[in-house]
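Have a look at the structure below, then the notes.
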Amino acid sequence: MGRLDGKVALVTGAGGGLGRAHALLLASEGASVVVNDLGGARDGSGDGSSAMADQVVQEIVQAGGQAVADYGSVTSEDDAKAMVNAAFMHFGRLDIVINNAGILRDKSFKNMTNEMWDIVVEVHLRGTYLVTKAAWDRLIEQNQGGRIIMTSSTSGLIGNFGQTNYGAAKAGIAGFMRVLALEGVKYGITVNVLAPAAWSRLTEDIMQSGVEERLAPERVSPAVAWLCTDEAKDVTGRQFFVGGNRVVLLSWQTTEIADKDADDAPWTLDEIGAAMQESIGTWPRLLRPMDL
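Residue numbers (this note's numbering): 118 to 409.
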């Protein structure tokens, strides 16, 4: 008996890498899975192919699970609604949505083009919105709660050279999650963010060699699957870095720099400058991806 028996999940970008690992683990725990993948290249180019989604469905079915393939694009409102509808059509309900689909168009900002910016924001931020919106409306109608997991990145939460488009989209996803988590409480819908570190075709040329096994996608998926269980019904609005069998809760930190009564005169530039200079040595150092 699995922890997700009777649950139905939609996983976007599930034809390979993290999405495939998520789909396979959810299915092994008893969930029926809609395996979505457009089948394009990692930069979003190409006409798409059904082969990647079909292969993952075949793996799940051969292992005794239930799954159906969906080939829609997360950037299409009609496709987003269709993949959600597929869950109800084939399995009669929807409980879990994992927004995983993504592409890369890395370039330093000096060399960034509008097209590189637009397509990355379109796939990651708008794609997450469209799928979540389609699912949200149906989850509320279903009135049995639900789990939504969005995929952000340390590139958006911390920063990474050459990924202004990707980082902006991923930071937007984190902000989207934090607001939606507040709105989801009344409906029993949890919303959390995953910031994964995993070797896949999306990251194979930006990660150092020799980390394929240590940072395998399968080392990320258990934390994701747990967030989909009934045990995690009160976990919402959180950001988790997961990779290499490590799980780190990412949260905000405050450092008071200057304070006086709001009825007093505003700070002069000299006063605020002195306070900043005095406190700067106590500020937490900037995190970098390698710190995690």
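Note that beta-carbon positions come from the ideal geometry of N, C-alpha and C, so glycine has one too. Nothing here was measured: the structure is a model prediction, and the numbers come from that model.
With 16 other Cβ atoms within 10 Å as the buried cut-off, status of residue 363: Your numbering for residue 363 matches position 246 in the sequence shown. Exposed is the call here.
Pairwise C-alpha distance: residue 273 and residue 286: Stepping through the sequence shown from its first residue, residue 286 is reached at position 169. Stepping through the sequence shown from its first residue, residue 273 is reached at position 156. If you take the alpha carbons of residue 286 and residue 273, they lie about 7 angstroms apart.
Where residue 260 sits in the DSSP three-state scheme: Within the sequence shown, numbered from 1, the residue matching residue 260 stands at position 143. The answer is coil: DSSP assigns residue 260 none of H, G, I, E or B.
Residue span of the alpha helix (DSSP H) that contains residue 235, given as start and end: As a working mapping, residue 235 is identified with position 118 in the sequence shown. Looking at the DSSP string, the run of the alpha helix (DSSP H) that includes residue 235 is 231–238.
Extent of the continuous alpha helix (DSSP H) to which residue 295 belongs: Position 178 of the sequence shown, counted from the start, is the residue given in the question as residue 295. Start and end: 281–301.
Range covered by the beta strand (DSSP E) that runs through residue 339: Taking the sequence shown and counting its residues from 1, the one referred to as residue 339 is at position 222. Per DSSP, residue 339 belongs to no beta strand (DSSP E); it is in the alpha helix (DSSP H), 338–344.
Unbroken alpha helix (DSSP H) run spanning residue 396, endpoints: Here residue 396 refers to the residue found at position 279 when the sequence shown is read from its first residue. From DSSP, the alpha helix (DSSP H) with residue 396 extends over 386–396.
Of the listed residues 265, 284, 316 and 333, nearest to residue 301 (C-alpha basis): Here residue 301 is taken as the residue at index 184 of the sequence shown, counted from 1. The option with the nearest alpha carbon to residue 301 is 265.
Closer than 7 angstroms: residue 364 CB and nearest the ligand FAD heavy atom: Only the bare structure without any ligand can be found here, which leaves the ligand FAD out of the picture.
Helix, strand or coil at residue 406 according to DSSP, with G and I counted as helix: As a first step, residue 406 is located in the sequence shown; it is residue number 289 there, counting from the start. In this structure, residue 406 counts as helix in the three-state DSSP scheme.
Buried/exposed call for residue 396, threshold 16 Cβ in 10 Å: Counting from 1 along the sequence shown, the entry for residue 396 is found at position 279. Under this definition residue 396 is an exposed residue.
Closest residue to residue 312 among 270, 119, 281 and 276 (Cα-Cα distance): As a first step, residue 312 is located in the sequence shown; it is residue number 195 there, counting from the start. Here the closest residue by C-alpha is 270.
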